[in-house]
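Undergrad:
Chains as they are written, first to last, in UniProt numbering: chain A, 1 to 528; chain B, 1 to 528.
In structure tokens, the structure reads:
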């Protein structure tokens with residue numbers, strides 16, 4: 001099943017050559033793939049936002065259980081089309097078959113996670129404060145609180161997760177779960193994959209009878225389509241995963257609108273890893289193996305890739321470095337996602353290696369085409385602290401070891417960090433004092449603190465948080481992974497003295513959904 | 001107890017005449033009040049933010065129960081100083097004694113609401129997903145989620161609530177509850193009241209032993225102090241209640257920082273009120289009385305003041321207008337908060353009355369000094385829809401009745417609204433169809449839908465939402481009143497495979513706080 005290159009608007013596949021067409025590239029061969037993809041014009045933006053606005057009036061009001069069936073139908077359609085999706089995604093991204101099958105499973109898992117959350121029902125955090133007409137000096141009104149969807153959402157697909165953070169990925173799944181129609185701005189590196197997945201969403205729309213305008217897929221390389229979408233008055237929120245430069249530019253547009261909107265961008269993160277004394281002394285081999293696995297996973301193209309290691313100079317650290325270096329030197333070639341990403345990776349690594357204070361500890365053998373060359377560098381803590389640029393992410397399998405002379409330097413390096421998605425602390429019982437101090441400092445810097453492991457392999461569950469202080473996220477109060485990702489697309493809505501028949505189900509006296517509610521200060525699933 | 005005019009920084013009262021001094025004005029007499037108030041310099045900003053940053057490291061980690069005692073101690077100190085606070089606030093704001101005593105009670109009530117929330121403990125929404133080492137294809141890690149405070153917060157005091165939305169008001173109370181130190185930028189219209197309340201906070205700091213840098217009070221009329229605070233890298237969030245122009249300017253600074261921060265501004269709202277047929281026919285006298293009471297309450301200086309009424313032309317509407325007009329004509333004089341507010345009120349009313357399409361239905365008798373003249377105007381729906389300026393707030397006791405020819409016009413007017421804090425629907429059983437349609441439209445426009453009442457008298461409770469789509473709020477996902485106001489000052493923080501001893505209490509296996517947690521998808525207060 002080859003893609004057609006069309007745009008999906010209001011349930012129709014539309015071809016348009018007015019603004020020109022573009023082609024996807026196979027990063028493994030640097031060859032263009034055959035299909036010519038349409039580029040959306042401003043008329044397409046109007047049509048998609050108009051359809052989403054109309055759809056919102058209906059889609060936001062259908063029952064959560066029906067929205068759950070819609071999400072499950074998308075997951076089912078993706079599983080039925082898995083072979084074609086994985087094949088096309090492999091051509092467009094260079095990612096291996098097994099990784100893509102795993103990512104497809106993660107994507108359908110995310111859709112089902114939100115379906116289950118909708119069925120559990122407590123995501124709206126309903127509250128009821130009953131009236132007290134006899135209260136002095138004034139009667140107390142009946143006050144009830146729920147969460148209501150924001151409206152049409154634009155989702156920017158990510159290059160590094162063609163499935164899990166793209167067309168039907170976490171942003172789309174959580175926005176659809178919340179009751180918001182979604183317009184996906186496809187990533188130009190994998191437009192065919194996007195189309196195949198959009199087709200699964202279209203078949204789920206038809207299967208479950210939700211409005212056709214609930215989902216749209218638009219193509220447009222460059223920044224004009226994304227800018228137009230985020231600035232459109234009909235768009236009420238945005239979700240994005242990508243670079244600091246791209247995400248910040250869109251965030252700036254979102255907040256400079258006459259009506260500013262929430263814009264949830266997951267941007268850069270170097271995910272600092274602290275290797276404490278006893279952990280390194282007792283487990284340096286195991287940690288070195290785990291580390292090289294994490295840093296080279298998916299050619300290092302993960303937001304949670306460990307890019308900075310911090311350790312005190314010691315014999316154990318030397319052993320760790322030697323082992324990591326020998327493992328890195330043995331790494332096989334891995335194609336990066338796009339020729340542009342590969343070129344940036346090489347340039348940024350060269351620049352870093354030109355710093356006089358930076359030493360290359362290990363580098364994988366020479367590579368061809370768009371293949372990544374994993375590299376481990378080191379720098380002293382003093383030099384690291386003098387050069388803030390060394391904290392910034394190099395997207396790919398590149399890591400920097402910061403060597404400290406003493407515990408104070410370790411703490412100073414920790415205190416110097418700006419925001420990151422995750423940090424890791426490798427610690428044994430004997431490290432408890434240092435790890436407590438570090439955890440206390442680092443929890444103000446990140447969204448997730450990991451012990452004795454790396455941040456890669458983000459678990460999709462109720463308790464996950466994938467976000468953090470800027471620049472890891474444009475909105476420090478949000479997560480883009482896990483159940484709480486739905487919070488990004490809702491807002492509080494209060495009803496005062498409202499007739500029961502006009503209340504949403506989760507606030508009705510009888511509690512027909514049986515959800516957990518805070519009633520007069522007590523949590524209960526009972527009817528009033 | 002006269003105020004001294006000093007700034008409060010890190011537990012010390014500081015006098016500074018370097019940037020000049022200013023005086024408060026008694027709006028009832030237009031006379032300057034005696035105390036000269038210090039103006040904060042950039043050094044004071046540095047000192048206050050530095051102290052807050054240091055305090056954060058300690059204050060954010062003390063137990064919620066201890067933070068609750070601190071809030072209760074502030075409330076107690078305010079009650080002990082109530083007479084002096086109310087006297088000074090009366091001089092500075094022109095608000096009557098009874099209103100100020102009520103507002104003081106509301107303020108201490110808010111402090112105790114958050115103290116109780118801290119004791120209930122579920123505000124951090126703790127989640128635990130336990131590990132499963134046997135899961136295939138990869139082991140499941142132990143993942144635990146809580147909410148952590150953002151860091152030092154700047155609170156901009158409001159002119160119209162010298163107590164409840166100022167120094168120890170809702171923003172301060174919710175930020176302190178969350179674990180964030182607060183720097184209050186006092187309102188220049190009531191600096192003495194601010195000082196007296198700040199002194200209560202200082203005595204609570206001393207009584208409960210929280211760090212002195214947890215609270216600061218700075219004075220500085222004009223925009224430079226506020227701009228400096230919101231742009232300071234040590235400040236991590238802002239709270240504001242005031243005008244659209246002032247709030248938007250600060251919001252713009254907050255989001256344009258190198259590290260953008262959340263800025264929660266409650267701005268303008270006209271709080272549309274819909275009077276449906278049967279309600280007007282059967283209860284037009286009662287509604288007219290309630291309406292005139294609500295629109296003139298506090299000289300109309302409430303964010304929830306009803307500024308727009310919408311009704312179909314009918315005999316009942318005519319009767320309603322006649323009665324409302326006669327009640328308005330009988331209103332006694334009420335001093336507005338400042339001479340600037342009064343001048344703007346008069347100018348904006350004059351401008352509106354010059355519109356050829358606008359008719360004055362009633363105006364209170366001539367007034368003196370800084371007194372407000374309540375006014376009710378009317379306009380046809382067609383003219384209203386042609387003139388978007390008529391939707392904007394005139395801060396004070398001014399309301400506009402939009403007269404519609406039919407139900408379609410009523411719905412068109414409803415659909416035309418931008419964001420407001422509240423809307424009201426007056427409806428009887430016979431109005432159910434129209435009220436259902438209206439409620440469905442209006443819930444996308446506001447944060448609170450009120451039936452058969454006005455939005456004034458915002459109940460402080462778990463279920464309240466005081467916020468809404470722009471321009472009623474700069475952050476549509478937040479509320480500045482009620483328990484959920486604490487959500488503005490926290491962010492999600494996740495712990496992965498973390499030793500129990502290093503987890504915050506709400507996430508420890510034993511659940512020592514006994515709070516409600518989502519454990520493996522089930523809500524429970526049990527230990528693991």
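Glycine included, each C-beta is placed from N, C-alpha and C at the ideal position.
Just so it is clear, the structure is predicted and the values come from calculations on it, not from any experiment.
Can you give, in chain order, each stretch of the beta strand (DSSP E) that sits fully within the region 105-133 of chain A and has at least 3 residues?
TA: If we require 3 residues or more, the beta strand (DSSP E) runs fully inside the region 105-133 of chain A come out as 127-129.
Undergrad: Can a CB atom of chain B be found closer than 8 Å to the CB of residue 435 (chain A)?
TA: Along the first chain, read from residue 1 onward, the residue named residue 435 (chain A) stands at position 435. Yes - at least one Cβ of chain B is within 8 Å of the one on residue 435 (chain A).
Undergrad: Under 8 Å, with one C-beta from each stretch per pair, do the region 413-428 of chain B and the region 319-326 of chain B reach the 3-pair mark?
TA: The region 413-428 of chain B vs the region 319-326 of chain B: no contact.
Undergrad: Which of the three DSSP states, helix, strand or coil, is assigned to residue 90 (chain A)?
TA: Along the first chain, read from residue 1 onward, the residue named residue 90 (chain A) stands at position 90. Three-state DSSP puts residue 90 (chain A) in a helix.
Undergrad: For residue 409 (chain B), which residues from the same chain have a beta carbon less than 7 Å from its beta carbon, with the 5 sequence-adjacent residues on both sides left out?
TA: Numbered from 1 along the second chain, position 409 holds the residue referred to as residue 409 (chain B). 381, listed in sequence order.
Undergrad: What residues from the region 143-163 of chain B come within 8 Å of chain A, judged by C-beta to C-beta, listed N to C?
TA: Those would be 143, 144, 145, 148, 150, 151, in chain order.
Undergrad: Say whether chain A places a C-beta atom closer than 8 Å to the C-beta of residue 65 (chain B).
TA: Within the second chain, the letter at position 65 stands for residue 65 (chain B). Not one chain A Cβ lies under 8 Å of residue 65 (chain B).
Undergrad: Do we get a CB-CB distance below 8 Å when we pair residue 523 (chain A) with the residues of chain B?
TA: Here residue 523 (chain A) refers to the residue found at position 523 when the first chain is read from its first residue. So yes, residue 523 (chain A) belongs to the interface.
Undergrad: Is residue 399 (chain B) helix, strand or coil by DSSP?
TA: If you number the second chain from 1, residue 399 (chain B) lands on position 399. Strand, per DSSP.
Undergrad: I think residue 240 (chain B) touches residue 265 (chain B), with their Cβ atoms under 8 Å apart; what is that distance to the nearest whole Å?
TA: Taking the second chain and counting its residues from 1, the one referred to as residue 240 (chain B) is at position 240. Taking the second chain and counting its residues from 1, the one referred to as residue 265 (chain B) is at position 265. Going by Cβ atoms, the distance from residue 240 (chain B) to residue 265 (chain B) rounds to 4 Å, so yes, they are a contact pair.
Undergrad: Mind pulling the chain A residues with CB within less than 9 Å of residue 133 (chain B)?
TA: The count along the second chain starts at 1 and reaches residue 133 (chain B) at position 133. Here the premise fails: no neighbours, minimum Cβ distance about 12 Å.
Undergrad: Just reading off the alpha helix (DSSP H) that residue 56 (chain A) is part of, what are its end residues?
TA: Looking up residue 56 (chain A) in the first chain gives position 56. Per DSSP, residue 56 (chain A) belongs to the alpha helix (DSSP H) from 42-59.
Undergrad: So which of A:282, A:331, A:507, A:166 has the shortest CA-CA distance to residue 315 (chain A)?
TA: In the first chain, residue 315 (chain A) corresponds to position 315, counting from 1. That would be A:282, whose Cα lies nearest to the Cα of residue 315 (chain A).
Undergrad: Between residue 129 (chain B) and chain A, is there a C-beta pair that is closer than 8 Å?
TA: Position 129 of the second chain, counting from 1, holds the residue named residue 129 (chain B). So yes, residue 129 (chain B) belongs to the interface.
Undergrad: Using a Cβ-Cβ cutoff of 9 Å, what residues of the region 447-471 of chain B are near chain A? List them in chain order.
TA: Under the 9 Å Cβ criterion, the region 447-471 of chain B contributes 447, 448, 449, 450, 451, 452, 453, 455, 457, 459, 461, 462, 463, 464, 465, 466, 467, 468, 469, 470, 471.
Undergrad: Please list the terminal residues of the continuous alpha helix (DSSP H) segment that includes residue 527 (chain B).
TA: Mapped onto the second chain, residue 527 (chain B) falls at position 527. From DSSP, residue 527 (chain B) is part of no alpha helix (DSSP H); its letter is neither H nor E.
Undergrad: Identify the residues that DSSP records as bridge partners of residue 354 (chain A): which are they?
TA: The sequence position of residue 354 (chain A) within the first chain is 354, counting from 1. DSSP lists no partner for residue 354 (chain A).
Undergrad: Where in the region 451-499 of chain A do unbroken runs of the beta strand (DSSP E), each at least 3 residues long, occur, reported from the N-terminal end onward?
TA: 490-496, all fully within the region 451-499 of chain A.
Undergrad: Quick one: which chain A residues come within Cβ less than 7 Å of residue 140 (chain B)?
TA: Along the second chain, one-based indexing puts residue 140 (chain B) at 140. Within 7 Å Cβ-Cβ: 459.
Undergrad: Can a CB atom of chain A be found closer than 8 Å to the CB of residue 497 (chain B)?
TA: Counting from 1 along the second chain, the entry for residue 497 (chain B) is found at position 497. It does: the Cβ of residue 497 (chain B) has a partner Cβ on chain A nearer than 8 Å.
Undergrad: Could you give the DSSP three-state label for residue 511 (chain B): helix, strand or coil?
TA: Counted from its first residue, the second chain places residue 511 (chain B) at position 511. Of the three classes helix, strand and coil, the one that applies to residue 511 (chain B) here is coil, per DSSP.
Undergrad: What residue range does the alpha helix (DSSP H) around residue 257 (chain A) cover?
TA: Position 257 of the first chain holds residue 257 (chain A). Segment: none, residue 257 (chain A) is in no alpha helix (DSSP H) and carries neither H nor E.
Undergrad: By a C-beta neighbour count over all protein chains shown, 10 Å radius and 16 as the cutoff for buried, is residue 63 (chain A) buried or exposed?
TA: Residue numbering aside, residue 63 (chain A) sits at position 63 when the first chain is read from its first letter. With fewer than 16 Cβ atoms within 10 Å of its Cβ, residue 63 (chain A) is classed as exposed.
Undergrad: For a contact defined as C-beta to C-beta under 9 Å, what are the partners of residue 439 (chain B) on chain A?
TA: Along the second chain, read from residue 1 onward, the residue named residue 439 (chain B) stands at position 439. Here the neighbours are 495, 498, 502.
Undergrad: State whether the region 394-406 of chain A contacts the region 369-385 of chain A, with contact taken as three or more CB pairs (one from each stretch) at a distance under 8 Å.
TA: Because the criterion of three Cβ pairs below 8 Å is met, the region 394-406 of chain A and the region 369-385 of chain A touch.
Undergrad: Using only CA atoms, which one of B:139, B:467, B:359, B:468 lies nearest to residue 458 (chain A)?
TA: In the first chain, counting from the first residue as 1, residue 458 (chain A) sits at position 458. Residue 458 (chain A) has its Cα closest to that of B:139, out of B:139, B:467, B:359, B:468.
Undergrad: Which residue's Cα is closest to the Cα of residue 461 (chain B): A:514, A:441, A:519?
TA: On the second chain, residue 461 (chain B) is found 461 positions in, with the first residue counted as 1. Of A:514, A:441, A:519, the residue nearest in Cα terms is A:519.
Undergrad: Can you confirm whether residue 392 (chain B), when its beta carbon is compared against all beta carbons of chain A, has any partner nearer than 8 Å?
TA: Counting from one through the second chain, the residue named residue 392 (chain B) turns up at place 392. Not one chain A Cβ lies under 8 Å of residue 392 (chain B).
Undergrad: According to a CB-to-CB cut-off of less than 7 Å, which residues of the region 255-267 of chain A neighbour chain B?
TA: So the close ones are 255, 259, 260, 262.
Undergrad: When you compare the CB of residue 388 (chain A) with every CB in chain B, is at least one pair closer than 8 Å?
TA: The sequence position of residue 388 (chain A) within the first chain is 388, counting from 1. False, the Cβ-Cβ gap to chain B never drops below 8 Å.
Undergrad: Can you confirm whether residue 518 (chain B), when its beta carbon is compared against all beta carbons of chain A, has any partner nearer than 8 Å?
TA: The count along the second chain starts at 1 and reaches residue 518 (chain B) at position 518. Taking Cβ atoms only, chain A reaches closer than 8 Å to residue 518 (chain B), which makes this a yes.
Undergrad: Are at least three pairs of beta-carbons, each pair with one atom in the region 332-345 of chain B and one in the region 254-261 of chain B, less than 8 Å apart?
TA: No contact exists between the region 332-345 of chain B and the region 254-261 of chain B.
Undergrad: Are the Cβ atoms of residue 163 (chain A) and residue 184 (chain A) separated by less than 8 Å?
TA: Here residue 163 (chain A) corresponds to residue number 163 of the first chain, with the count starting at 1. Here residue 184 (chain A) corresponds to residue number 184 of the first chain, with the count starting at 1. Not in contact: residue 163 (chain A) and residue 184 (chain A) (Cβ atoms no closer than 8 Å).
Undergrad: My understanding is that residue 56 (chain A) touches residue 37 (chain A), with C-beta atoms under 8 Å, so please give their C-beta distance in whole angstroms.
TA: Numbered from 1 along the first chain, position 56 holds the residue referred to as residue 56 (chain A). Numbered from 1 along the first chain, position 37 holds the residue referred to as residue 37 (chain A). The pair is not a contact, with the Cβ atoms about 27 Å apart (cut-off 8 Å).
Undergrad: Pull up the DSSP beta-bridge partners for residue 70 (chain B), would you.
TA: The count along the second chain starts at 1 and reaches residue 70 (chain B) at position 70. None; residue 70 (chain B) has no bridge partner.
Undergrad: Under a three-way DSSP split, which group does residue 349 (chain B) fall into?
TA: Within the second chain, numbered from 1, the residue matching residue 349 (chain B) stands at position 349. Looking at residue 349 (chain B) - three-state DSSP - the assignment turns out to be helix.
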